[in-house]
Amino acid sequence: MIPRFAPTYTWTDLFQGIVNGRRQQVEAELCSRLAAMHDVAHVFLVSSARVALYALLKAYNRPGDVLMPAYNCIVVPEAVHFAGYNPSFVDIDRGSLNMTPDALMKCMSPAVSVVLATHLFGIPCDVGEIRRVLERHNVLVIEDAAPALGAEFRGRLVGKAADAAIISFQSTKVISGESGGALLTNNDALAGKLKGLLQAATAPDSGLEVFLRSASRKAATDRWVYSIAQRGYRLLQQERMYEVVPPHTRMPSDFLKGCPKFSANLVLNQLERLSWNVGRRRKLAAIYQEELSGQPLRLPSPPEGASPAWIQYPVQVKDKGSFYRYMQKNGVDLTWTYRYSCAESYALEGLENSREAAKTVLGLPTHPSITDSQAQLVCRTAKRYLTGQRGTYL
Ligand SMILES: *Cc1c(COP(=O)(O)O)cnc(C)c1O
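Dropping the structure here:
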C-alpha cells in the first residue's frame with residue numbers, strides 16, 4: 233500500500249533527536265535558520281500553525297472580520313474565532329482551488345481587519361497581487377503558508393511578502409516535525425507584542441511524548457502495518473467523503489502552547505534536505521500532470537509564476553467515493569481532505585465552488601519517499617479506473 237502521507241523524518245533523524253534533545257540552543261537555531269532563509273527579522277515557534285495564527289491575531293488586537301478562502305482547513309476559522317475575531321469566507325476559483333483577488337475584493341467591507349492569503353496544498357497564491365488590490369484598505373495581510381514551506385512565487389520563497397506568515401511542521405506538511413509551527417514577521421511592533429504574549433504560553437509536550445508519537449507514526453507507514461491499520465480504521469471510523477463539519481467554538485485551556493524541543497530538532501535536521509524534499513514533490517506532481525492530462529478528471533492549475541511545494545496533488549473527480557475505493561483496493565491510498573467547506577460549517581450558503589471542491593477533491597500522494605515508478609503505478613491505476621467509467625468529467 234502506498235500511504236497517503238508519510239512523515240519526512242528518517243529513523244536516524246529520530247534517534248539524533250534523542251541525542252541532541254538536551255542541546256540548549258535548538259529552538260534559537262531553528263528560528264535563526266528560518267529567519268535567514270526567508271529574510272525576515274522575527275521568527276517565533278509555537279505548537280502548531282493554528283496557534284501561530286491565534287497568537288498573531290491576539291498581538292494585532294483589532295477584532296473584526298478575517299477573510300479567507302472557504303475551501304480551507306477548519307482549524308483556521310476556529311483559531312480566528314478563539315482569538316475573538318469573526319471568520320468570514322470568500323468562494324474559491326474552480327481551477328486554482330483558491331480565492332482570486334477579484335473574488336476577495338467583492339467581499340471586502342469596512343468590518344474586515346485581516347485577510348489570509350492561503351497557499352492551499354502548498355500551491356502559492358499571488359500575495360503581491362492581493363496586497364495591491366488591498367492597498368486602500370487598512371488590513372493586515374497574513375500568509376497562511378502552513379503547507380507551503382519551500383514553495384516559491386516568481387522565484388521568491390513564500391512567507392515574506394505579507395505582514396506576517398505562519399508555517400506548520402505537522403505530520404502532513406512539507407517537513408514533518410510531528411508537531412510545531414512557526415510565525416514569521418518583519419513588523420517590529422507586532423513582534424514586540426508577540427514576545428510578551430508568548431511568555432504566557434503553556435509548556436510544550438515533553439521530548440519523550442513527541443518521540444513516541446513520531447516513532448509510532450513512522451512505524452505505521454511501514455507497508456504491512458499500514459494496510460492493517462487502514463483496515464481497522466475503516467471498520468471503526470468509516471471514511472466520509474463529504475460532510476458539514478461543525479467547528480469547535482470553545483478554546484482548549486492550553487491552546488497557546490510552545491513548540492517541543494524534539495520537534496524543533498527534527499525540523500532543523502531536515503531543513504538541509506528541504507530542496508531535495510520539495511524537488512521530489514515537484515517531480516511527482518510533474519509525473520501526475522503529464523500522465524493524467526487528457527484523462528476525465530480535473531487537474532490543479534496553479535497561478536502563473538507559482539512553484540508549489542505540493543503536500544498532496546489535488547485532483548477533482550465526479551465520484552470521489554468510488555475513485556477512492558478503487559485506488560485503495562489497488563494499493564494506493566488517497567487523501568480525501570478537505571471533505572468540507574468551511575462556509576457550510578459556519579452556516580453560510582451560496583459558496584458553491586467551495587462546496588463542489590469538498591465533494592470532488594482527492595489528493596494523490598506526494599511525500600518524498602515515493603519513487604517515480606510508484607508515481608507511475610498511481611497513474612496507471614487511476615487510468616484503469618477512469619477508462620472504465622463514463623461521465624467522470626466535472
Ligand atoms: C495544515 C494547515 C493549517 C493548520 O496547521 P496546524 O499546524 O495543524 O495548526 C492551516 N492552514 C492550512 C492551509 C493548512 O494546510
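Numbering (the working numbering), first residue to last: 233 to 626.
We put the beta carbon where it would ideally sit given N, CA and C, even for glycine.
Bear in mind that the values here come from a model prediction, so they are computed numbers and not experimental data.
Report back the beta-carbon spacing between residue i and residue j to the nearest angstrom; my notes put them in contact at under 8 Å.
i: L381; j: A541; result: 6 Å
i: A676; j: L430; result: No answer is possible for residue 676: it lies beyond the span of the chain, which begins at 233 and ends at 626.
i: V564; j: T598; result: Actually they do not touch by this definition, with Cβ atoms about 13 Å apart.
i: R282; j: A315; result: Between A315 and R282 the Cβ distance is about 10 Å, and since that is not below 8 Å, they are no contact.
i: A377; j: H351; result: 5 Å
i: L426; j: A291; result: 5 Å
i: Y558; j: Y617; result: 5 Å
i: C491; j: G412; result: 4 Å
i: Q544; j: F353; result: 6 Å
Considering only C-alpha positions, which residue in the set the options is nearest to residue i?
i: A268; options: E310, L503 and R472; result: L503
i: A238; options: N293, M337, Y303 and A452; result: A452
i: I374; options: F385, R388 and S345; result: S345
i: P379; options: V371, I602, G620 and L389; result: L389
i: A397; options: S573, S459, T404 and V359; result: V359
i: R236; options: T404, A421 and L618; result: T404
i: P342; options: P597, R514 and L366; result: L366
i: K552; options: R571, E536 and G563; result: R571
i: S533; options: D486, I355 and H274; result: I355
i: V499; options: K561, A575 and S400; result: S400
i: I409; options: P528, R294 and Y241; result: In the sequence as displayed, the identity of residue 409 is Gly instead of Ile. Nearest option by C-alpha distance: Y241.
i: P319; options: P333, A579 and R505; result: A579
i: K489; options: G296, Y465, N562 and S438; result: S438
i: T434; options: Q608, S280 and H369; result: S280
i: N304; options: Y317, M331, S448 and N293; result: M331
i: D297; options: A273, D420, N370 and V510; result: N370
i: V593; options: G526, K550, D604 and R445; result: K550
i: I460; options: G249, G595, V610 and K561; result: K561
Flag residue i as yes if its beta-carbon sits less than 7 Å from any beta-carbon of chain D, otherwise no.
i: A260; result: Here chain D cannot be found, since the structure has a single protein chain.
Count the other CB atoms within 10 Å of the CB of residue i; is the residue buried (16 or more) or exposed (fewer)?
i: R463; result: exposed
i: P301; result: buried
i: F276; result: buried
i: G424; result: exposed
i: N497; result: buried
i: P436; result: buried
i: P484; result: exposed
i: R255; result: exposed
i: K338; result: exposed
i: D245; result: buried
i: S586; result: buried
i: R472; result: exposed
i: A607; result: buried
i: P478; result: exposed
i: R512; result: buried
i: A383; result: buried
i: G391; result: buried
i: K591; result: buried
i: V547; result: buried
i: F247; result: exposed
i: T566; result: The question names Thr, but residue 566 is Leu in the sequence shown. Burial call: buried.
i: L583; result: buried
i: Y317; result: buried
i: I519; result: buried
i: E536; result: exposed
What is the residue span of the beta strand (DSSP E) that residue i lies within?
i: M300; result: D297 to P301
i: H274; result: H274 to V278
i: Y474; result: Note, Y474: premise wrong, no beta strand (DSSP E); not H, not E.
i: A414; result: G413 to T417
Which residues does DSSP pair with residue i in a beta bridge?
i: P235; result: Paired residues: none, contrary to the question.
i: A349; result: E375
i: Y545; result: L596
i: T567; result: G595
i: V659; result: Residue 659 lies beyond the range of the chain shown here (233 to 626); nothing can be said about it.
i: F385; result: R388 and A538
i: E410; result: Q402
Specify, as a first and last residue, the run of the alpha helix (DSSP H) that residue i falls within.
i: A518; result: L506 to L524
i: I602; result: Looking at the DSSP string, I602 is not in any alpha helix (DSSP H), and its letter there is neither H nor E.
i: W319; result: According to the sequence as given, residue 319 is Pro; it is not Trp. Looking at the DSSP string, P319 is not in any alpha helix (DSSP H); the run it does join, the beta strand (DSSP E), is N318 to V322.
i: S400; result: Not the alpha helix (DSSP H): S400 falls in the beta strand (DSSP E), residues A396 to S400.
i: N252; result: W243 to N252
i: G490; result: No alpha helix (DSSP H) holds G490; DSSP gives it neither H nor E.
i: R445; result: G439 to A452
i: Y572; result: Run containing Y572: none; DSSP gives neither H nor E here.
i: Y578; result: Careful: Y578 lies outside any alpha helix (DSSP H) and carries neither H nor E.
i: M269; result: V258 to H270
i: D325; result: Careful: D325 lies outside any alpha helix (DSSP H) and carries neither H nor E.
i: E361; result: V359 to V365
i: M559; result: K552 to K561
i: L531; result: No alpha helix (DSSP H) contains L531, which DSSP labels as neither H nor E.
i: G424; result: D420 to L430
i: A315; result: No alpha helix (DSSP H) contains A315, which DSSP labels as neither H nor E.
i: P479; result: Where P479 is concerned, there is no enclosing alpha helix (DSSP H), given that its DSSP letter is neither H nor E.
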